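J.:
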Amino acid sequence: MDAFPDSTPDELTAVDARMSGVLLSEQTVATALQLITSLAVDTLPGSIGSGVSVRGINGDEVTSAATDRMVERADALQYELGQDRASPHGTTG
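If you're matching positions, the sequence shown starts at 1147 in our numbering and goes up one per residue.
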């Protein structure tokens, strides 16, 4: 199954070129995550925003990178309402 069925080889080559510089240099994790969110919006048809959430050692989720304030606010609402993005079933217990 093709991960990017609507993407042309040229588009995927451009994405690869943008990512290769990050992966080969000493970029910070935050910079790499910000680039990934940007690439997700640029690459996935119909995307209007993207974010990366991580779960801390205490189980709390935080947004590590987002393309804009709308995504950050949506994430904050999900956290407040207990809607865990990492699990399709939400948080339990």
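By construction, the Cβ of each residue, glycine as well, lies at the ideal position given by its N, Cα and C atoms. As the structure is a computational prediction, the values presented were derived from the model and not from experiment.
Below 8 Å on the Cβ atoms is my guess for Val1161 versus Gly1195; work out the distance and round it to an integer in Å.
T.: Val1161 to Gly1195, Cβ: 18 Å. No contact.
J.: Look up Gly1197 in the DSSP assignment and give the residues it is bridged to.
T.: DSSP output for Gly1197 lists Ala1212 as bridge partner(s).
J.: Tell me the DSSP bridge mates of Glu1207?
T.: For Glu1207, which the question treats as bridged, DSSP gives the partners Arg1201.
J.: Does the Cβ-Cβ distance between Ser1199 and Asp1221 come in under 8 Å?
T.: Their beta carbons are under 8 Å apart, which means Ser1199 touches Asp1221 by this criterion.
J.: Do the CB positions of Gly1197 and Thr1183 come within less than 8 Å of each other?
T.: Yes, the Cβ-Cβ distance between Gly1197 and Thr1183 is below 8 Å.
J.: By a C-beta neighbour count over all protein chains shown, 10 Å radius and 16 as the cutoff for buried, is Ala1163 buried or exposed?
T.: The residue in question, Ala1163, is exposed, as its Cβ has fewer than 16 Cβ neighbours within 10 Å.
J.: Which of the three DSSP states is assigned to Thr1154 in this structure?
T.: It is coil, neither helix nor strand.
J.: Could you pull out every residue in the same chain whose Cβ sits closer than 7 Å to the Cβ of Val1208, ignoring the five residues on either side in sequence?
T.: These residues qualify, in order along the chain: Ser1199, Val1200 and Gly1202.
J.: Between which two residues does the alpha helix (DSSP H) carrying Leu1179 extend?
T.: Val1175 to Thr1189 is the extent of the alpha helix (DSSP H) around Leu1179.
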